[in-house]
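**Student:** Residue numbers (UniProt numbering): 1 to 267.
Every residue gets a Cβ at the ideal spot worked out from N, C-alpha and C, and that includes glycine.
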Amino acid sequence: MAKKDEKSHKNAPLIGIDIGGTGIKGGIVDLKKGKLLGERFRVPTPQPATPEAVAEAVALVVAELSARPEAPEAGSPVGVTFPGIIQHGVVHSAANVDKSWLDTDIDALLTARLGRPVEVINDADAAGLAEARYGAGEGVAGTVLVITLGTGIGSAFIFDGKLVPNAELGHLEIDGHDAESKASAVARERDGLSWDEYSVLLQRYFSHVEFLFSPELFIVGGGISKRADEYLPNLKLRTPIVPAVLRNEAGIVGAALEIALQHNLAK
Numbered sequence: 001m002a003k004k005d006e007k008s009h010k011n012a013p014l015i016g017i018d019i020g021g022t023g024i025k026g027g028i029v030d031l032k033k034g035k036l037l038g039e040r041f042r043v044p045t046p047q048p049a050t051p052e053a054v055a056e057a058v059a060l061v062v063a064e065l066s067a068r069p070e071a072p073e074a075g076s077p078v079g080v081t082f083p084g085i086i087q088h089g090v091v092h093s094a095a096n097v098d099k100s101w102l103d104t105d106i107d108a109l110l111t112a113r114l115g116r117p118v119e120v121i122n123d124a125d126a127a128g129l130a131e132a133r134y135g136a137g138e139g140v141a142g143t144v145l146v147i148t149l150g151t152g153i154g155s156a157f158i159f160d161g162k163l164v165p166n167a168e169l170g171h172l173e174i175d176g177h178d179a180e181s182k183a184s185a186v187a188r189e190r191d192g193l194s195w196d197e198y199s200v201l202l203q204r205y206f207s208h209v210e211f212l213f214s215p216e217l218f219i220v221g222g223g224i225s226k227r228a229d230e231y232l233p234n235l236k237l238r239t240p241i242v243p244a245v246l247r248n249e250a251g252i253v254g255a256a257l258e259i260a261l262q263h264n265l266a267k
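#1: What are the boundary residues of the alpha helix (DSSP H) that residue 293 is part of?
#2: What does the alpha-carbon distance come out to for the pair Lys7 and Glu168?
#3: Could you tell me which of Val118, Gly221, Ser100 and Leu102 sits nearest to Ala108, measuring between CA atoms?
#4: So Ile252 is in the beta strand (DSSP E); what residue range does that whole segment cover?
#5: What are the boundary residues of the alpha helix (DSSP H) that Ile85 is part of?
#6: DSSP has Ile241 in a bridge; who is on the other side?
#7: Between which residues of its own chain and Lys4 is the CB-CB distance below 8 Å, once the five residues before and five after are set aside?
#8: Return the residue from the list Ile224, Ala156 and Leu237 that minimises the CA-CA distance to Gly84.
#9: Suppose you measure from the CA of Pro44 to the CA of Val58; what does that come to, to the nearest Å?
#10: Within the chosen definition, does the region 215-227 reach the region 238-247 through at least 3 CB pairs nearer than 8 Å?
#11: Give a yes or no on contact between the region 247-265 and the region 120-137, applying the rule of three or more CB pairs nearer than 8 Å.
#12: Is it a yes or a no for the region 76-83 touching the region 12-32, going by three-plus beta-carbon pairs under 8 Å?
#13: Run through DSSP, which three-state label would Gly170 get?
#14: So, are the CB atoms of Phe82 and Val61 less than 8 Å apart?
The following block contains the structure:
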């Protein structure tokens, strides 16, 4: 019986929470399909976004989701994303939230507040993991690099479906500059670049990353992945490069997937 019970828990729905600079959103994730069951639920990120205030907001989102008929079992683990570097559950950077987060054990804080196991993953890593498993990278062996073009350049390094965490490929130095200072979506708007001009900078960036890592696939996310046909066809690379497909749900899905993998709850 134990084995049967064990199997029935594999791929059971789990809660994923995505902590952002302006909003904290969560959903119940169907781990078979990588989709949300029901609507996602969002609350504004508290200002100032201190650890205690954010923990209360996360608890509110989890309580709302846990009251739904499709909610996972009470006490099941919760996956959470955070916009910073996370090592062994501890926050090591905090650009878009309060500086008091630095050196906070976020895993311990949220586990204590929610009274259930919580593990936290960098937000770009979570989105990349979801995209590699359920999106454009599904079934691709070897190295898949998920690059998000937004305020900066976020990145997730996936090898054979497994995450290599905290790869900060937006901070590679290219032509004497931090890559994201020239090639992010915000930099394109700031510098008033046409898509053709922007494509030249992206070519320089992606060629460099391709040379360093020889990936099997590039997946491009971020808001401007919707306009991928304006610049992706201009790029000349050996590596296939495609837009992301999971969009705004990627962080929530990736958070739930990561905790499922850590607790041996995903097939």
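**Tutor:** From the atom records:
#1: In the structure displayed, the chain extends from 1 to 267; residue 293 sits before or after that span and is not available.
#2: Note on Lys7: pLDDT 42, under 50, position unreliable in the model; no value is reported.
#3: Val118
#4: Segment Ala250 to Gln262 is the alpha helix (DSSP H) holding Ile252; no beta strand (DSSP E) there.
#5: No alpha helix (DSSP H) contains Ile85, which DSSP labels as neither H nor E.
#6: Phe218
#7: Confidence at Lys4 is low in this model, with a pLDDT of 38, below 50, so the placement of that residue should be treated as unreliable; the coordinate-derived value is given next. Within the same chain, Lys4 has no close Cβ partners at all.
#8: Ala156
#9: 10 Å
#10: yes
#11: They touch, by the three-pair rule.
#12: yes
#13: If DSSP states are grouped into helix, strand and coil, Gly170 belongs with the helices.
#14: no
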